[in-house]
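Asker: Starting off with a structure, shown below.
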Amino acid sequence: MLRGSGNAYGFFAILLHWLIALLILALLTLGYIMTRPDIDPALQFSLFQWHKSFGMLVLALALVRAVQWCMSVKVAPVATLSALERLLSSITHKLLLVLGVLVPLAGWVIASVSPLGIPTFMFDLFVVPHLPLAQSEGAETLWSEVHATLAYTLLCLIVLHALAALYHHLWRGDDVLMRMLGRRRSPPREKRS
Ligand code: HEM
Ligand code: HEM
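Heads up, the final residue of the sequence shown is numbered 193 in our numbering, and it's a clean run with no missing numbers.
Structure, rendered in structure tokens:
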């Protein structure tokens with residue numbers, strides 16, 4: 001169960017999936033709130049530091065997840081899925097894996113190219129070094145737009161992905177959601193017409 005098998009996710013894959021999902025949803029909310037123009041500057045500074053700390057944590061976890069995904073035995077799609085559903089879910093999962101790395105990476109680039117040079121205090125424990133990139137206002141604006149666009153694209157994909165999981169669970173009655181919750185397989189119900 002720890003390692004997973006052809007039709008079940010292992011404990012670490014499930015733990016990483018839900019931990020990263022929770023953190024990303026919190027970061028999307030935090031990112032939106034902290035960039036509102038009418039926010040108190042002291043609160044904004046503190047929220048930015050929390051955002052950057054949890055964002056760097058997601059970057060580390062998403063890299064572990066991507067490596068684990070590449071190296072582990074692939075879990076086969078639920079048997080009742082059509083060829084189109086298999087294709088769409090495979091594309092969505094790969095995009096989620098890639099965006100889970102690219103979004104925080106783009107955030108790290110903003111912090112690195114900003115002429116303000118504000119350090120990223122990782123949970124007040126240590127300073128995350130800036131990437132070796134040239135600092136300029138133009139680069140900060142560009143990377144802020146890239147980060148926001150990728151983050152909101154990720155949000156759209158997550159909404160589709162979560163709706164698909166709910167559809168499979170509530171409407172199709174198959175194992176798609178249950179196996180990501182670590183539950184045992186149950187016999188598939190008849191498809192509703
Ligand atoms: C998966 C992880 C992350 C998510 C989902 C995320 C999401 C967001 C969102 C939704 C915004 C608001 C965009 C807007 O409405 O303009 C934002 C802004 C920002 N994020 Fe992230 N972020 C993540 C990781 C990071 C990391 C690791 C850093 C830096 C170390 C970072 C630095 C920033 C900064 C500096 C802004 C403000 C940009 C501006 O001034 O417009 N983010 N983020
Ligand atoms: C918040 C609501 C979410 C729900 C309800 C959800 C549900 C699920 C379910 C049920 C599966 C299994 C699909 C299958 O076995 O065919 C799955 C897989 C997956 N999810 Fe999510 N998920 C959510 C959020 C996320 C987020 C935020 C990410 C990453 C950014 C993500 C990335 C993935 C990936 C990469 C897989 C494929 C796993 C693999 O093949 O090893 N999910 N998700």
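We treat Cβ as the ideally placed atom computed from N, Cα and C, and that holds for glycine.
1. Using the Cβ count rule (16 or more neighbours within 10 Å means buried), how would you classify glycine 138?
2. At the level of alpha carbons, what is the spacing between threonine 120 and serine 46?
3. As a quick exercise: from Thr141, Asn7, Leu177, His169, pick the residue whose alpha carbon is nearest that of alanine 76.
4. Since isoleucine 14 and methionine 180 are thought to touch, with beta carbons under 8 Å apart, how far apart are those beta carbons, to the nearest angstrom?
5. If you follow the beta strand (DSSP E) that threonine 120 is in, where does it begin and where does it stop?
6. Where does alanine 8 sit, in a helix, a strand or coil, going by DSSP?
7. In three-state terms, what does DSSP make of valine 109?
8. Starting from valine 128, follow its DSSP beta bridges and name the residues at the other end.
9. Determine the closest residue to histidine 147 out of Leu27, Phe11, Leu177, Lys94, with distance taken between C-alpha atoms.
10. Under the criterion of a Cβ to heavy atom distance below 7 Å, does histidine 147 qualify as lining ligand 1?
11. Look at the alpha carbon of aspartate 38 and the alpha carbon of glutamine 44, and state the distance between them as a whole number of angstroms.
12. Tell me the DSSP secondary structure of leucine 133 in three-state form.
13. Alpha helix (DSSP H) containing alanine 60: first to last residue?
14. Using the C-alpha atoms, what's the distance from isoleucine 158 back to aspartate 175?
15. The alpha helix (DSSP H) that contains valine 78, what's its start and end?
Answerer: Inspection of the coordinates gives the following:
1. exposed
2. 11 Å
3. Asn7
4. 6 Å
5. 120-122
6. strand
7. helix
8. Thr120
9. Leu27
10. yes
11. 10 Å
12. coil
13. 41-71
14. 19 Å
15. No alpha helix (DSSP H) contains valine 78, which DSSP labels as neither H nor E.
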